[in-house]
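Chains W and Z, in that order, are what the protein sequence lines are.
Take the first sequence: its position 46, counting from 1, is numbered 45 in numbering that gives the first Met the number 0, and each next residue is one higher.
Take the second sequence: its position 17, counting from 1, is numbered 16 in numbering that gives the first Met the number 0, and each next residue is one higher.
As structure tokens, the structure follows; a few thoughts come after it.
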Amino acid sequence: MKNTAAGNEDQIIAAIRSGNARAYAVLVDRYKDRALSLAVRLVGDHDEAEELVQDAFVNAYRKLDQFRGDARFGTWLHRILYNLCMTRVARRKERMASLDSLEENPAGMLHEDKGPSIQEMVEENELVALLSDEINRLPETLKAPLLLFYVDELKYEEVAEVMNIPMGTVKTYLHRGRNLLRQRMQAKLRNEVEYS
Amino acid sequence: MSNHMTTDELLEFLDGTLPDSGKRVVEEHLRTCFSCRRALDDFRHLDSSLRKVPLVQASRGFTGNVMSRVVSGGKEPLTFRLLTGLSYAFAMLIVLVILGVVFVATGVIDIRSGSGEANRFQSAFDTASSTLDAIPTAMTAWITEYIPFAFGSGSLGITTAILVVVSMLFVFDRLVGWRIVSRLR
Chain W
0 MKNTAAGNED
10 QIIAAIRSGN
20 ARAYAVLVDR
30 YKDRALSLAV
40 RLVGDHDEAE
50 ELVQDAFVNA
60 YRKLDQFRGD
70 ARFGTWLHRI
80 LYNLCMTRVA
90 RRKERMASLD
100 SLEENPAGML
110 HEDKGPSIQE
120 MVEENELVAL
130 LSDEINRLPE
140 TLKAPLLLFY
150 VDELKYEEVA
160 EVMNIPMGTV
170 KTYLHRGRNL
180 LRQRMQAKLR
190 NEVEYS
Chain Z
0 MSNHMTTDEL
10 LEFLDGTLPD
20 SGKRVVEEHL
30 RTCFSCRRAL
40 DDFRHLDSSL
50 RKVPLVQASR
60 GFTGNVMSRV
70 VSGGKEPLTF
80 RLLTGLSYAF
90 AMLIVLVILG
100 VVFVATGVID
110 IRSGSGEANR
120 FQSAFDTASS
130 TLDAIPTAMT
140 AWITEYIPFA
150 FGSGSLGITT
160 AILVVVSMLF
170 VFDRLVGWRI
180 VSRLR
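Set out below in structure tokens:
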């Protein structure tokens, strides 16, 4: 059963399809910040990201007839945007290091670790700021699912649809991303504690 | 053999996606393992903080810009397209004028047969020199002699010169990526 927001979305889309183009502004307002948050972190430049988000909204509007309504409009929009961002990133020919080389211990066994926990080293608001920064340094393959899942609040299956990958792969990427973030935060915070 | 859980097991436990049997194994292990308990706390803490990462705010005119493109059939607004087209035309004109100046200054083109304003323009170059070394002097002559000659003196000349500057701004905005005009839109 669809929730109220999705039900409301159906009405908006029906209004647009019947000729009320102005109704689209409601959807733009609803999704612009989430979409921009994803794009900025994927392409790394605010102005370029805003341009891509605009293009995604315009493309979504022009292809609205192809929108079947079995997913949320937001998921569909994110898929268009994700493809635009990936095309832009690929054009820059940014070479990504292999995932395993970036992880000290990719989803493997935990080592005996007697250092302080992250919670003991940093306040939550400071951790949020550090994480926001650290996410930008993740490889695209891990960054996108983390952003879609945590920041854009999509479900596993929606992330899989946006990235066009199996749900199992989404879970693997999310595990690797979280693990890598933990390792990097630990290293960073322990370094700071040592030198303070 | 390690005495600890894998990070996959801990994350699945945290996400509640482990089957009951797996869940019991992890719970049992956590009771006696400080390292895994702390790792689980770290992941829990990271999860909660990741959900609080602030959204990036779109600029104030964002929705308006999208809607103007939507209403105009997905294209840039007509005025913007006209100005952009005009800017390219002006840019080409300026390139042609500069080439003309260089050709005249180096003697490739001889406009001695002209009269009036054109002669005044030519004589400025004649006094400057006909070699490439004299181009800076020739450019100065071009600025003082040719701009009033090309655009006319008075308000018409000033308006045309402003249009040229604006059009160049558009060209650099698009080609070099300054995005000043895009920001103003």
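Glycine included, C-beta positions come from ideal geometry on N, C-alpha and C.
Note that the structure is a prediction, hence the values are computed from the model and not measured.
What three-state label does DSSP hand residue i in the structure shown?
i: residue 16/Z; result: coil
i: residue 144/W; result: helix
i: residue 22/Z; result: helix
i: residue 56/Z; result: coil
i: residue 83/W; result: helix
i: residue 69/W; result: coil
Determine the direct distance from the alpha carbon of residue j to that of residue i, and round the result to whole angstroms.
i: residue 45/Z; j: residue 181/W; result: 7 Å
i: residue 178/W; j: residue 142/W; result: 12 Å
i: residue 89/Z; j: residue 167/Z; result: 8 Å
i: residue 165/W; j: residue 74/W; result: 15 Å
i: residue 3/Z; j: residue 34/Z; result: 8 Å
i: residue 175/W; j: residue 14/W; result: 42 Å
i: residue 115/W; j: residue 7/W; result: 48 Å
i: residue 19/Z; j: residue 89/W; result: 43 Å
i: residue 94/W; j: residue 167/W; result: Only weak support exists for where residue 94/W lies, its pLDDT of 48 falling under 50; the value from the coordinates is given anyway. Whole-angstrom Cα-Cα distance: 25 Å.
i: residue 10/W; j: residue 66/W; result: 14 Å
i: residue 52/Z; j: residue 17/W; result: 38 Å
i: residue 162/Z; j: residue 30/W; result: 38 Å
i: residue 56/Z; j: residue 5/Z; result: 38 Å
i: residue 97/Z; j: residue 91/Z; result: 10 Å
i: residue 60/Z; j: residue 61/W; result: 21 Å
i: residue 64/Z; j: residue 63/W; result: 19 Å
Considering just the uninterrupted stretch of the alpha helix (DSSP H) at residue i, what are its terminal residues?
i: residue 162/W; result: 155-162
i: residue 44/W; result: Neither: residue 44/W is in no alpha helix (DSSP H) and is coded neither H nor E.
i: residue 35/Z; result: 33-49
i: residue 118/W; result: 117-120
i: residue 20/W; result: No alpha helix (DSSP H) holds residue 20/W; DSSP gives it neither H nor E.
i: residue 61/Z; result: 61-70
At the 8 Å Cβ level, is residue i part of the contact set with chain Z, yes or no?
i: residue 20/W; result: yes
i: residue 147/W; result: no
i: residue 174/W; result: yes
i: residue 142/W; result: no
i: residue 150/W; result: yes
i: residue 135/W; result: no
i: residue 60/W; result: yes
i: residue 32/W; result: yes
i: residue 57/W; result: yes
Please tell me whether, using a cut-off of 7 Å, the distance from the CB of residue i to the nearest non-hydrogen atom of the ligand ATP is below it.
i: residue 88/Z; result: For the structure depicted, the ligand ATP is absent and the ligand set is empty, with no information on it obtainable.
From the beta carbon of residue i, is the nearest beta carbon of chain W less than 8 Å away?
i: residue 22/Z; result: no
i: residue 184/Z; result: Residue placement at residue 184/Z is poorly supported in this model, since its pLDDT is 49, which falls under 50; the coordinates still yield a value, given next. So no, residue 184/Z is outside the interface.
i: residue 6/Z; result: yes
i: residue 52/Z; result: yes
i: residue 62/Z; result: yes
With 8 Å as the threshold, decide whether the Cβ of residue i is near any Cβ in chain A.
i: residue 69/W; result: Reference to chain A is not applicable here, since the protein chains of this structure are W and Z.
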